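Just so you know, the protein sequences line up as chains U and Z, in that order. Residues 7 to 526 (the working numbering) make up the first sequence, in order. Residues 25 to 509 (the working numbering) make up the second sequence, in order. The beta-carbon is built from N, C-alpha and C at its ideal position, and this holds for glycine as well. None of the values given here were measured: they were computed from a predicted structure. Worksheet: one structure, shown below.
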Amino acid sequence: LASVSLITALAVHCVVLLTMTVFSGYFSHSTDFEVHRNWLAITHSLPVSKWYHENTSEWTLDYPPLFAWFEYSLSHVAQHFDKEMLVVQNLIYTSPATILFQRLSVIVTDIVFIYAVKECCRSVREEKGSKDLLGHPFFILAALLLWNFGLLIVDHIHFQYNGFLFGILLLSVARHLQGRHLEGALLFTVLLNLKHIYLYIAPAYGIFLLRSYCFTKDNTDGSVRWSSFSPVRLVALGSIVISVGALSFGPFIAMGQLPQVLSRLFPFKRGLCHAYWAPNVWALYNMVDKALSVLGVRLKLLDVAKLPKASMTGGLVQEFQHSILPSVSPSITLICTLLSIMPAVLSIWCRPRGARGFLRCLVVCALGSFMFGWHVHEKAILMAILPFSILAVESREDAGIFLMLTTTGHYSLFPLLFTAAELPIKVLLMLLFTLYSFTSLKKLFRGSLLNPLETTYLLGLVAVEILCEVVYPLSPWQHTLPFVPLLVTSVYCSLGVSYSFIRLYVSLLRQHGTDKHKQL
Amino acid sequence: MENWSLVSICVLFGLTARWAVSLNSYSGAGKPPMFGDYEAQRHWQEVTYNLPVHEWYFNTTDNNLNYWGLDYPPLTAYHSLLCAHDHGFDFCWVLVADLLIYIPAVVLYSFYLSEGSNKKKVCTVLCILLYPGLILIDYGHFQYNSISLGLALWGVVVLGLGWDVLGSLAFVLSLNYKQMELYHSLPFFCYLLGKCFKQGLAGRGLFLLVKIAVTVLVTFALCWLPFLSDPGQILQVVHRLFPVGRGLFEDKVANTWCSLNVLIKIKTILSTDTQLYFSLTTTLLAILPSSIKLLMKPTLWQFKLALVNSSLAFFLFSFQVHEKSILLPALPVCLLLNDLPLPAIWFLQASTFSMLPLFLKDGLLVPYVVTSLAFLFFSIYLLSAFEHCSEDKLRLGPYRRLLICMPRMDLGRVTKWKFYFSITAMAGLSFMSVALAPPDQLPDLFPLLVSVFSYLHFLGLLLYFNIVQIAEPLQSVRKNQKKSN
Numbered sequence: 007l008a009s010v011s012l013i014t015a016l017a018v019h020c021v022v023l024l025t026m027t028v029f030s031g032y033f034s035h036s037t038d039f040e041v042h043r044n045w046l047a048i049t050h051s052l053p054v055s056k057w058y059h060e061n062t063s064e065w066t067l068d069y070p071p072l073f074a075w076f077e078y079s080l081s082h083v084a085q086h087f088d089k090e091m092l093v094v095q096n097l098i099y100t101s102p103a104t105i106l107f108q109r110l111s112v113i114v115t116d117i118v119f120i121y122a123v124k125e126c127c128r129s130v131r132e133e134k135g136s137k138d139l140l141g142h143p144f145f146i147l148a149a150l151l152l153w154n155f156g157l158l159i160v161d162h163i164h165f166q167y168n169g170f171l172f173g174i175l176l177l178s179v180a181r182h183l184q185g186r187h188l189e190g191a192l193l194f195t196v197l198l199n200l201k202h203i204y205l206y207i208a209p210a211y212g213i214f215l216l217r218s219y220c221f222t223k224d225n226t227d228g229s230v231r232w233s234s235f236s237p238v239r240l241v242a243l244g245s246i247v248i249s250v251g252a253l254s255f256g257p258f259i260a261m262g263q264l265p266q267v268l269s270r271l272f273p274f275k276r277g278l279c280h281a282y283w284a285p286n287v288w289a290l291y292n293m294v295d296k297a298l299s300v301l302g303v304r305l306k307l308l309d310v311a312k313l314p315k316a317s318m319t320g321g322l323v324q325e326f327q328h329s330i331l332p333s334v335s336p337s338i339t340l341i342c343t344l345l346s347i348m349p350a351v352l353s354i355w356c357r358p359r360g361a362r363g364f365l366r367c368l369v370v371c372a373l374g375s376f377m378f379g380w381h382v383h384e385k386a387i388l389m390a391i392l393p394f395s396i397l398a399v400e401s402r403e404d405a406g407i408f409l410m411l412t413t414t415g416h417y418s419l420f421p422l423l424f425t426a427a428e429l430p431i432k433v434l435l436m437l438l439f440t441l442y443s444f445t446s447l448k449k450l451f452r453g454s455l456l457n458p459l460e461t462t463y464l465l466g467l468v469a470v471e472i473l474c475e476v477v478y479p480l481s482p483w484q485h486t487l488p489f490v491p492l493l494v495t496s497v498y499c500s501l502g503v504s505y506s507f508i509r510l511y512v513s514l515l516r517q518h519g520t521d522k523h524k525q526l
Numbered sequence: 025m026e027n028w029s030l031v032s033i034c035v036l037f038g039l040t041a042r043w044a045v046s047l048n049s050y051s052g053a054g055k056p057p058m059f060g061d062y063e064a065q066r067h068w069q070e071v072t073y074n075l076p077v078h079e080w081y082f083n084t085t086d087n088n089l090n091y092w093g094l095d096y097p098p099l100t101a102y103h104s105l106l107c108a109h110d111h112g113f114d115f116c117w118v119l120v121a122d123l124l125i126y127i128p129a130v131v132l133y134s135f136y137l138s139e140g141s142n143k144k145k146v147c148t149v150l151c152i153l154l155y156p157g158l159i160l161i162d163y164g165h166f167q168y169n170s171i172s173l174g175l176a177l178w179g180v181v182v183l184g185l186g187w188d189v190l191g192s193l194a195f196v197l198s199l200n201y202k203q204m205e206l207y208h209s210l211p212f213f214c215y216l217l218g219k220c221f222k223q224g225l226a227g228r229g230l231f232l233l234v235k236i237a238v239t240v241l242v243t244f245a246l247c248w249l250p251f252l253s254d255p256g257q258i259l260q261v262v263h264r265l266f267p268v269g270r271g272l273f274e275d276k277v278a279n280t281w282c283s284l285n286v287l288i289k290i291k292t293i294l295s296t297d298t299q300l301y302f303s304l305t306t307t308l309l310a311i312l313p314s315s316i317k318l319l320m321k322p323t324l325w326q327f328k329l330a331l332v333n334s335s336l337a338f339f340l341f342s343f344q345v346h347e348k349s350i351l352l353p354a355l356p357v358c359l360l361l362n363d364l365p366l367p368a369i370w371f372l373q374a375s376t377f378s379m380l381p382l383f384l385k386d387g388l389l390v391p392y393v394v395t396s397l398a399f400l401f402f403s404i405y406l407l408s409a410f411e412h413c414s415e416d417k418l419r420l421g422p423y424r425r426l427l428i429c430m431p432r433m434d435l436g437r438v439t440k441w442k443f444y445f446s447i448t449a450m451a452g453l454s455f456m457s458v459a460l461a462p463p464d465q466l467p468d469l470f471p472l473l474v475s476v477f478s479y480l481h482f483l484g485l486l487l488y489f490n491i492v493q494i495a496e497p498l499q500s501v502r503k504n505q506k507k508s509n
């Protein structure tokens, strides 16, 4: 039954993917296209020493070296499609063959994601009782992952390799759920060297592996038994991390380019918020700041001339100052993030709950870093949503939080697709996924999962959408204050995301309070 | 999961597929001087918006009929007028029309008029909505077939529910939208007439007949109201609708005349008038058995089969048939997906394949491949086509009697293998049409191969559906036969 359900979900996934490829005729103006084309060109045409120095194009290489090697291997296939795309000087080169190759490469690398989904489904705890195919937790999880609206939009309409990367993440999680920790650690290290944004969840991995893998036994009350420390395991883990790191960064350290690489990887010159504000705490912070400054000017408490000119709502990635509330620097965001994930990480140190506790902590870390991080892109919400799907099909409470988080998080991705042609697609796909997730989880857990307040909030999303897409463009303020729809979307969603974060934390701490000892 | 959510998901899925196809290039994009069907629609909006009604169908200084002149009945013209008022994104109109007319009809049909578990009904909805031919023509090539087909389907659904007058109203509206719906008219006529006969021509039957006749006439009058003032107007419109001057066929189409033309050049041998009479006679001969059977036994099952037989016969033998007209038999075959899955899927795939040259011209190769594969996969898997492949289920009884010399052959398996072979051949021909260049002496080789291959399929399936319809006994067997209606 498991394989049948997986095959069905998979088939639908393939069909949906292929349906997406009919977009290959549709000219995509996403900058991500150009970014990856540029990286293909850089890795193919230039020697390794120049990779992180090259800046003909504004989209410089800002992923770790392993990803650069990945692009390099892709470029060898690319040259059979269209050699011109590999010329660095050909900026914004978009021949049909190029577009076809890029899209096919995303689809092919999705195989990793599909394999990871299969492995995750194998680890899902089954409930007793016979279910038909559509109601089986395997199938629901497979569907929630494979048809994830956010992933489809970001990978296949926009253009990124998130399917590939999240595949590795989910595979690593699956390995930990299956008890194969060394493999999980290896996969995570590889992932970290492919995209360093996963540093956000590294604390969860680190503490979990240290606590639950290096200490082989626990005391009866669940606390650390220092005597069971296993140096062998620690060395094994350490060697994995170091060897992968060496493979990836080694050549650059040897060439003495490490500072340059690091400066490319961590460009703190970019502003607190991305062009579209990710729905996190800083969006609310900015909003309050703006509101206060407007209020202050109206009430004649402030002088307009003294306010900083650069507007954070201008849509470009600039640095700026807040007018009333204290300015936020990268270090402050780092401290806030660390503070937010500290309780979760401590809880798996003090009272480890096995791989599932680790997964919950991972989600909390991802969400915490989303809430408080520097220059967070709204796509980062997927880092919390996708692993959380596994927990959602196993517990009722998690399913409720999941629905809230997913719907809000996915809706916040809407501003990424702003043309008229993309409007029906994003609405249809969103409706499809939301309808499916609600009805399937409701059926699985037999009953309503959201309280009336939450339901009202989610229905409010519809109102916000109509406001932003239909009503506002027809109003007179469209030209003077064009950023208002984005602001409204972002602020409204950040309420939902914050709420989910708090609820998730509460559930984690509550479990911490009433847990029992579980063997690794 | 509850029905409504499953159905909504299927509908959303169908809509997504349609929208995705529409984002591909449309017919005639950037191809002067005539451009394509999209330009035709746009031109009609222009004509109907700017010119007075009595000039719409006439060749005047403002209205050059050679440049996409209006050649559909008045309802199309009114619809163009409506679209012209809000000249927004035209593809939205097709989607709206689908959503309002075609899709509800499909859902209602599956839930009220087809048999099986709820799951089966939802699967039927999904498969019908995924039929590639209609999606590609309406959203890729750009036409409004879903309106006329949807209205005809409403007619079938309503008739199936027993409301004869409303059913005939729906069909007349459909006829007034596209005159090609005449292909479906004979079954509607025979079904209703048969029902009147059954109710006794002396009493209620006559009353029903009068009600239907009045409805039909009044609807026609209302649709043609602006043109009724002048008989010359009516004649001109009819002249535009039925261009008998254009010859037996144009381009490559998978019907008898075009295929015959490969062997004997009938277009040159016979005069236009002879061609006209010839095609008329053969068409009438082809539809006669099915119509008579329907007249004698007006049940829903017979009605569906008669729709298939009649429209397919018209397609194969009629005058000036376009390849897009295959959609007319395809609609009733969709209704048979639940009852005879394998032949229906076979026909629908063949119909999509027969339009391949058209899709290639419009640059719709990728959508064609994707939708065909999706349709094949979903319909075969969801409708368990290969399980319902026994001789009994496929009603191959009469074939068995013909093949008396080979009593051991399992006709069900033979059919399955023929199906595999056929699909492989279609895939192969599709690939060749795209990848290989035709030899210089035969530039039309691949379109010709495609149309002849499809023609053979259509002929065979016409024979099959006719046999299924006629072999059924006149009195329904009450016992264990599931499909006795």
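Go ahead and pull the three-state DSSP assignment for F445(Z).
-> In the three-state scheme derived from DSSP, where H, G and I count as helix and E and B as strand, F445(Z) is classed as helix.
Closer than 8 Å, CB to CB, is L438(U) near chain Z or not?
-> For L438(U), the nearest beta carbon of chain Z is closer than 8 Å to its own beta carbon.
Does the beta carbon of T445(U) come closer than 8 Å to any beta carbon on chain Z?
-> Closer than 8 Å: yes.
How would you list, in chain order, the residues of chain U whose beta-carbon sits under 8 Å from the beta-carbon of F37(Z)?
-> Those within 8 Å of F37(Z) in chain U are L438.
Ignore the nearest five residues each way along the sequence and tell me which others in S170(Z)'s own chain have a CB closer than 8 Å to its CB.
-> V118, A121, D122, I125, Y126, L158 and D162, listed in sequence order.
DSSP state of V334(U), grouped into three classes?
-> It is coil, neither helix nor strand.
Positions along the stretch 194 to 224 of chain U whose CB lies within less than 9 Å of some CB in chain Z | Of all residues in the stretch 194 to 224 of chain U, none is placed with a Cβ closer than 9 Å to any Cβ belonging to chain Z.
Residues in its own chain within less than 8 Å of L188(U) by CB, not counting five upstream and five downstream?
-> Answer for L188(U): A242, L243 and I246, listed in chain order.
In this structure, what does DSSP give as the bridge partners for F166(Z)?
-> F166(Z) is not bridged to any residue.
Taking Cβ to Cβ, would you say L352(Z) is nearer than 8 Å to F343(Z)?
-> No, the Cβ-Cβ distance between L352(Z) and F343(Z) is not below 8 Å.
Helix, strand or coil: which one does DSSP assign to V261(Z)?
-> In the structure shown, V261(Z) falls within a helical segment according to DSSP collapsed to helix, strand and coil.
Enumerate, from N- to C-terminal direction, the unbroken alpha helix (DSSP H) stretches of 4 or more residues contained entirely within the stretch 68 to 104 of chain U.
-> Listed in chain order, the complete alpha helix (DSSP H) runs (minimum 4 residues) inside the stretch 68 to 104 of chain U are 71 to 84.
Strand pairing of V230(U), partner residues [DSSP] = D224(U).
Specify, as a first and last residue, the run of the alpha helix (DSSP H) that K317(Z) falls within.
-> Bounds of the alpha helix (DSSP H) holding K317(Z) are T296 to M320.
Opposite F273(Z) in the DSSP bridges: which residues?
-> Its beta-bridge partners are V345(Z).
If we ignore side chains and look at the alpha-carbon of each, how far apart do I316(Z) and S335(Z) end up?
-> Their backbone Cα atoms lie some 15 Å apart in a straight line.
Inter-stretch contact at 8 Å, needing at least 3 Cβ pairs: the stretch 343 to 351 of chain U / the stretch 384 to 399 of chain U = No, because fewer than three Cβ pairs between the stretch 343 to 351 of chain U and the stretch 384 to 399 of chain U fall closer than 8 Å, the two stretches do not touch.
Within the 8 Å Cβ cut-off, does V31(Z) reach chain U?
-> So no, V31(Z) is outside the interface.
Proximity of S254(U) and N199(U) at Cβ, strictly below 8 Å | Yes. Within cutoff.
What three-state label does DSSP hand F165(U) in the structure shown?
-> Coil at F165(U), not helix or strand.
For chain Z, is any of its Cβ atoms less than 8 Å away from the one on P430(U)?
-> True, the Cβ-Cβ gap to chain Z drops below 8 Å.
Does the distance from the C-beta atom of L154(Z) to that of F341(Z) stay below 8 Å?
-> Against a cut-off of 8 Å, the Cβ pair of F341(Z) and L154(Z) comes out as no contact.
Selected residue, minimal CA-CA separation from V286(Z), among V474(Z), R419(Z) and F489(Z) | Minimum Cα distance to V286(Z) is reached at V474(Z).
What number of angstroms, rounded off, separates the C-alpha of H86(U) from the C-alpha of T100(U)?
-> Computed Cα separation, rounded: 15 Å.
By how many angstroms is the C-alpha of P356(Z) removed from the C-alpha of L331(Z)?
-> In a straight line, the C-alpha of L331(Z) is about 6 Å away from that of P356(Z).
Using three-state DSSP, classify V382(U) as helix, strand or coil.
-> Three-state result, V382(U): strand.
For M320(Z), count neighbouring C-beta atoms within 10 Å of its own C-beta (all shown protein chains included) and say buried if the count is 16 or more, exposed if not.
-> Burial call: exposed.
Rounded C-alpha distance that separates S172(Z) from H263(Z) = Each residue's Cα considered, the two are about 21 Å apart.
Where does E26(Z) sit, in a helix, a strand or coil, going by DSSP?
-> In this structure, E26(Z) counts as coil in the three-state DSSP scheme.
Opening and closing residue of the alpha helix (DSSP H) in which M389(U) lies = From DSSP, the alpha helix (DSSP H) with M389(U) extends over I387 to A398.
Please report how far the alpha carbon of L147(U) lies from the alpha carbon of E471(U), in whole angstroms.
-> Taking the straight line from one Cα to the other gives about 28 Å.
Per DSSP, the bridge partner or partners of F235(U) | As computed with DSSP, F235(U) is found in a beta bridge with F221(U).
Is the beta carbon of Y478(U) within less than 7 Å of some heavy atom of the ligand MN?
-> Inclusion of the ligand MN in the displayed structure is not the case, the ligand content being empty and no account of it being possible.
Please list the residues of the stretch 151 to 169 of chain Z that have a C-beta atom closer than 8 Å to any C-beta atom in chain B, keeping them in chain order.
-> This model lacks chain B altogether; the protein chains it does include are U and Z.
With DSSP collapsed to three states, give me the class of C413(Z).
-> In this structure, C413(Z) counts as coil in the three-state DSSP scheme.
Beta carbon of F212(Z) nearer than 8 Å to that of G186(Z) | Taking 8 Å as the Cβ cut-off, F212(Z) and G186(Z) do not qualify as a contacting pair.
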